[in-house]
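Heads up: the sequence lines are chains A and B, in that order. At position 369 of the first sequence (counting the first as 1) the number is 369 in UniProt numbering, and the numbers step up by one without a gap. At position 60 of the second sequence (counting the first as 1) the number is 60 in UniProt numbering, and the numbers step up by one without a gap. For glycine and all other residues, C-beta sits at the position ideal for the given N, C-alpha and C. Bear in mind the structure is a predicted one, so any value in this text is a computation, not a measurement.
Protein chains: 2
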Amino acid sequence: MVMERFAAYIAEHQARLRAELAEIVRLPSVSAQNRGITETATFVEQRLRRLGAETRLLSADGGNPLVYATIGNGSRTLLIYDHYDVQPAEPLELWHTPPFDLTERDGKLYGRGVADNKGNLMLRIQAVEAWLATEGALPIRIVFVVEGEEEVSSKTLPAVCRTYADLLRADGCLWETGGVDLSERPVVTCGAKGIQYVELVARGASYDLHSSYATFVPNPAWRLTWALNTLKGPDGRIRIPGFYDRVRPPSAADLAALATIPAGDDEALLADFGLTAFLDNVRGTERLRRHLFEPTCTICGLVSGYTGEGSKTVLPSEARAKIDFRLVPDMDPAEVLQQLRRHLDAEGFNDIEIIDLGGEHPARSPLDATIVQAAVASARDVYGCEPILYPTMAGTGPMYPLCTALGTPVASGAGCGYHGSRVHSPNENIRLADYERAMRWMGSLIKHFAS
Amino acid sequence: MVMERFAAYIAEHQARLRAELAEIVRLPSVSAQNRGITETATFVEQRLRRLGAETRLLSADGGNPLVYATIGNGSRTLLIYDHYDVQPAEPLELWHTPPFDLTERDGKLYGRGVADNKGNLMLRIQAVEAWLATEGALPIRIVFVVEGEEEVSSKTLPAVCRTYADLLRADGCLWETGGVDLSERPVVTCGAKGIQYVELVARGASYDLHSSYATFVPNPAWRLTWALNTLKGPDGRIRIPGFYDRVRPPSAADLAALATIPAGDDEALLADFGLTAFLDNVRGTERLRRHLFEPTCTICGLVSGYTGEGSKTVLPSEARAKIDFRLVPDMDPAEVLQQLRRHLDAEGFNDIEIIDLGGEHPARSPLDATIVQAAVASARDVYGCEPILYPTMAGTGPMYPLCTALGTPVASGAGCGYHGSRVHSPNENIRLADYERAMRWMGSLIKHFAS
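In structure tokens, the structure reads:
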């Protein structure tokens, strides 16, 4: 199974491949700040053309262009989902070297986006190059989908998926993320949680009043507090009727996979978070079970009245709470939104406005899907150990519109991330050895997905 | 009872008296910004010396100097409490003329502090001048106490009162505020509510986490929500054990006074506040009864996690609530603080920190006290109608350390405020006619207090 010429090609062209990574990092494609988008989409499209791919730019609703490319032929089609946009580099003063100037130090490459997600994007393209140079024609058809709005919630991706569904059909999808965990074992995930994000707004007088009026003027901060209290109590149970109805229990395969995942060191995690205990004192595999398979209702933000230093006696005119619901299969974000409205009305809070800030469906792939098995088998080949298979991740991504809605199973893998990558933070970095190893992982994945 | 020469003196010296008011307004004595304090204290001290008073500056704990002055002799001593500090002038762009440049327009004088409290301070000093010039020696001893920290919660006044108690003893105290209400009738108040201001802090992880961790990491925003919910429920009843135990019911005299107070137009007030109903649909005199005689527990501010535009999926590391308790006689702020701690502990919230941001005792004077009756009788003389007698105001001031603790009854009156004064707001102003009428009120009050 070892692809010796493939690996030799990578080693031989090391300097050029890295220089190419530096080129794309130099383009400051910060979608939140609308910087460098066109240049980076063009760079990615031209790089894919140089590979021999047919390319086009797709978009919807005026969103940033998505670079679409197909290359190769075969009975199976592999969709590769990556993104060329990155998080803002701020706070700049915490970077040891300029964020858009890829810098090598101690066997690592530092730069904004190098881990999330330009490293994975480039190593996957470069792996195809290495394949073509050493193995000949691709045994599968590969479709690259490289979007430019991942860091701003993939705003227009669902519309692109609806419009261009026929272009996106595939037998499996390789997801953007990937790498090794703390124990240096490679990780494969097969799903993502969904989400429904809302803002609750309680309103009182039309302007902030002197707090002495609290004797007879309604206080929206109290209204919001009471309304929130009906959503979840100190027992942690979400009280919205019907909320748990669609929760699909973990399958036997899910639980078998769970049992093989190293739960990590509870004490080390507690120390890192600065906590003395987790909720309900859960630990180890039980903590992980909740993390992967349970939905949540989280207050992400609260604001009302005076929030500065010291005291100010004010009766607020408005109070706001931002809440995210993380959803597991088979929950539906639109249904959660309806349940929330019905619940607040039933509890006497029809005065509280719900602003819908967006939802995504949960997504899951069967653990025996071809793409999952290819990711696992190729990781085993290249890393010489059993990869860690997560039935899902606890986070959310646009897997549903791109994959699940079209019937495409999905897995992560063939990525260069590691526990110290500082994704979204200053001094984001990857390790050089991981970059080349993940390229070999990608090569092996092509082989396994074809067979 | 008419003091014709007194009134004539005021009319004759109108231009100079107003110029003097302009002089003190020009000094930007913003205590919150530590501007112009020494200059203004010096101005006040020199003005009182020119009157013939003996003066000294008092202070404690490094606070802004309090100008202390005594003048006159008589069997009764009248304490006059005013302050020379003012609120910040910001937002400057909303002023039609420069805030520290006293400007006459349409029979009004505009300037920061002209209503709160430099107008009252100057007209009271000028009334004493007019008395001395027209009536001869004062029939009472007057003690002026002009502090420089009223707009920053009279931070060091309690310590000054403890240290210099012997200098502050009096038979009655004239409080800083005063003027006419919407119906143009003069107002006299005989007390103030107390307050206990706290900040509640709930803490979770030592830094904000990705919200997916909500499956097993405690969320301080939920902890705070649940804790707040135990303080007060949708029925408005404060649930802290013992909170109502010391509440003194309104006396027969209080209720008789309440019955004579015009409650105001409920519909107009609702429209101004942008509300469709008051709490529990209270209206009229019942609304006023609550306002004057009931304690409150008010969320003045809430903050946690992400509060900007749109959505950010964060699990907050901290949540804070600012709360004021307005207290009626005979509640004790320190006791409320203890009750709150005991209550939170008993409800399982000993993880929530309480920061004490200061307390003041409620204060009340008997409605038949000499100072109250002098304020009422002099208002009747000068305004030709029955003044409105409030047993207390719904707000809070340092009446307790300055008066109640020393056994001094207190009343407001002899002030130049009106419903359009815009106290603490841009374009603060007084009406010229009110300024001179309030000076006559002050002259008449001296006469009535002496007799």
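Beta-bridge pairing of residue i - partner residues as DSSP gives them
{"i": "residue 453/B", "result": "Past the edges of chain B, shown from 1 to 451, lies residue 453/B, and the structure says nothing about it."}
{"i": "Gly417/A", "result": "Gly179/A"}
{"i": "Phe144/B", "result": "Ala69/B, Ile80/B"}
{"i": "Gly136/A", "result": "Partner(s): none; Gly136/A has no beta bridge."}
{"i": "Leu174/B", "result": "Ile80/B, Ala411/B"}
{"i": "Gly359/A", "result": "Gln196/A"}
{"i": "Glu353/A", "result": "Val201/A"}
{"i": "Val188/A", "result": "Leu389/A"}
Nearest-angstrom Cβ-Cβ length linking residue i and residue j, presumed shorter than 8 Å
{"i": "Leu138/B", "j": "Ile371/B", "result": "Contact flag wrong, Cβ pair sits at about 16 Å."}
{"i": "Phe100/A", "j": "Arg18/A", "result": "About 16 Å; that fails the 8 Å criterion."}
{"i": "Leu66/A", "j": "Glu199/A", "result": "About 28 Å separates the two Cβ atoms, so there is no contact after all."}
{"i": "Pro391/B", "j": "Leu292/B", "result": "6 Å"}
{"i": "Ala214/A", "j": "Ser317/A", "result": "Ala214/A to Ser317/A, Cβ: 13 Å. No contact."}
{"i": "Glu335/B", "j": "Tyr400/B", "result": "The Cβ separation is near 14 Å, so there is no contact."}
{"i": "Leu367/A", "j": "Arg169/A", "result": "22 Å between Cβ atoms; not a contact."}
{"i": "Ile10/B", "j": "Ile71/B", "result": "Between Ile71/B and Ile10/B the Cβ distance is about 19 Å, and since that is not below 8 Å, they are no contact."}
Alpha-carbon spacing of residue i relative to residue j, whole angstroms
{"i": "Asp181/A", "j": "Ile388/A", "result": "9 Å"}
{"i": "Ile323/B", "j": "Cys161/B", "result": "27 Å"}
{"i": "Thr55/A", "j": "Gln339/A", "result": "43 Å"}
{"i": "Glu20/A", "j": "Ser251/A", "result": "43 Å"}
{"i": "Val44/B", "j": "Phe278/B", "result": "44 Å"}
{"i": "Phe6/B", "j": "Ala69/B", "result": "23 Å"}
{"i": "Thr156/B", "j": "Asn64/B", "result": "8 Å"}
{"i": "Leu224/A", "j": "Tyr244/A", "result": "23 Å"}
{"i": "Ile125/B", "j": "Tyr84/B", "result": "13 Å"}
{"i": "Val188/B", "j": "Thr103/B", "result": "28 Å"}
{"i": "Met1/A", "j": "Asp381/A", "result": "With a pLDDT of 47 at Met1/A, under the threshold of 50, the modelled position of that residue is not reliable, and the figure given next carries that caveat. Each residue's alpha carbon lies about 7 Å from the other."}
{"i": "Pro98/B", "j": "Asn429/B", "result": "12 Å"}
{"i": "Leu51/B", "j": "Leu121/B", "result": "14 Å"}
{"i": "Asp106/A", "j": "Leu228/A", "result": "49 Å"}
{"i": "Asp434/A", "j": "Asn350/A", "result": "54 Å"}
{"i": "Ser75/A", "j": "Ala450/A", "result": "8 Å"}
{"i": "Ala89/A", "j": "Asp116/A", "result": "12 Å"}
{"i": "Arg326/A", "j": "Ser212/B", "result": "7 Å"}
{"i": "Leu132/B", "j": "Gly305/A", "result": "49 Å"}
{"i": "Arg341/A", "j": "Ala202/A", "result": "14 Å"}
{"i": "Ser311/A", "j": "Leu357/B", "result": "6 Å"}
{"i": "Arg440/A", "j": "Trp226/A", "result": "55 Å"}
{"i": "Asp345/A", "j": "Ile80/A", "result": "44 Å"}
{"i": "residue 458/A", "j": "Trp222/B", "result": "Examination of residue 458/A is not possible in this model, given that chain A is present from 1 through 451 alone."}
{"i": "Leu231/B", "j": "Ala253/A", "result": "47 Å"}
{"i": "Ser154/B", "j": "Asp82/B", "result": "11 Å"}
{"i": "Gln373/A", "j": "Thr40/A", "result": "33 Å"}
Residue-level contact to chain D via CB, residue i, 7 Å cutoff
{"i": "Glu294/B", "result": "Absent here is chain D; the protein component of the structure consists of chains A and B."}
Next on the checklist: Just to confirm the assignment: which complete beta strand (DSSP E) runs, minimum length 3, are found wholly within the stretch 85-127 of chain A?
Outcome noted: 103-105, 108-110
Next on the checklist: Threshold first: 4 residues or longer. Then list the alpha helix (DSSP H) segments lying entirely within the UniProt domain "Peptidase M20 dimerisation" (192-348) of chain B, N to C.
Outcome noted: 220-231, 252-260, 266-273, 284-293, 333-346
Checklist entry - Which runs of the beta strand (DSSP E), 3 residues or longer, sit entirely within the stretch 362-433 of chain B? => result 388-390, 410-412, 429-431
Item to check | Cβ-based contacts, 7 Å cut-off: residues of the stretch 413-432 of chain A near chain B | outcome: none
Checklist entry - Going along the stretch 297-311 of chain A in order, which residues come within less than 7 Å of chain B, judged by CB to CB distance? => result Thr298, Ile299, Cys300, Gly301, Leu302, Val303, Ser304, Gly305, Tyr306, Thr307, Gly310, Ser311
Checklist entry - What are the residues of the stretch 153-173 of chain A that lie near chain B, defined by any Cβ-Cβ distance shorter than 9 Å? => result Ser153
Item to check | Secondary structure, alpha helix (DSSP H): runs of 4+ residues fully inside the stretch 8-78 of chain A | outcome: 14-26, 37-50
Checklist entry - Looking at chain A, which residues of the stretch 51-81 of chain B have a Cβ within less than 7 Å of any of its Cβ atoms? => result none
Checklist entry - Using Cβ-Cβ distances below 7 Å, what residues of the stretch 387-404 of chain B are close to chain A? => result Ala394, Gly395
Next on the checklist: If the cut-off is 7 Å on Cβ atoms, which residues from the stretch 197-208 of chain A count as contacting chain B, listed in chain order?
Outcome noted: Tyr197, Ala205, Ser206
Next on the checklist: What are the residues in the stretch 211-231 of chain A lying within 7 Å of chain B by C-beta distance?
Outcome noted: Ser211, Ser212, Ala214, Thr215, Phe216, Val217, Pro218, Asn219, Ala221, Trp222, Thr225, Trp226, Leu228, Asn229
Next on the checklist: Counting only Cβ-Cβ distances shorter than 9 Å, please list the residues of the stretch 310-330 of chain B near chain A, keeping chain order.
Outcome noted: Gly310, Ser311, Lys312, Thr313, Val314, Leu315, Pro316, Ser317, Ala319, Arg320, Ala321, Lys322, Asp324, Arg326
Checklist entry - Which residues, in order along the stretch 5-25 of chain B, keep a beta-carbon less than 8 Å from a beta-carbon of chain A? => result none
Next on the checklist: Along the stretch 264-282 of chain B, where does the CB come closer than 7 Å to a CB of chain A? Name the residues.
Outcome noted: Phe273, Gly274, Leu275, Phe278, Leu279, Val282
Checklist entry - Which residues, in order along the stretch 355-371 of chain A, keep a beta-carbon less than 8 Å from a beta-carbon of chain B? => result Leu357, Gly358
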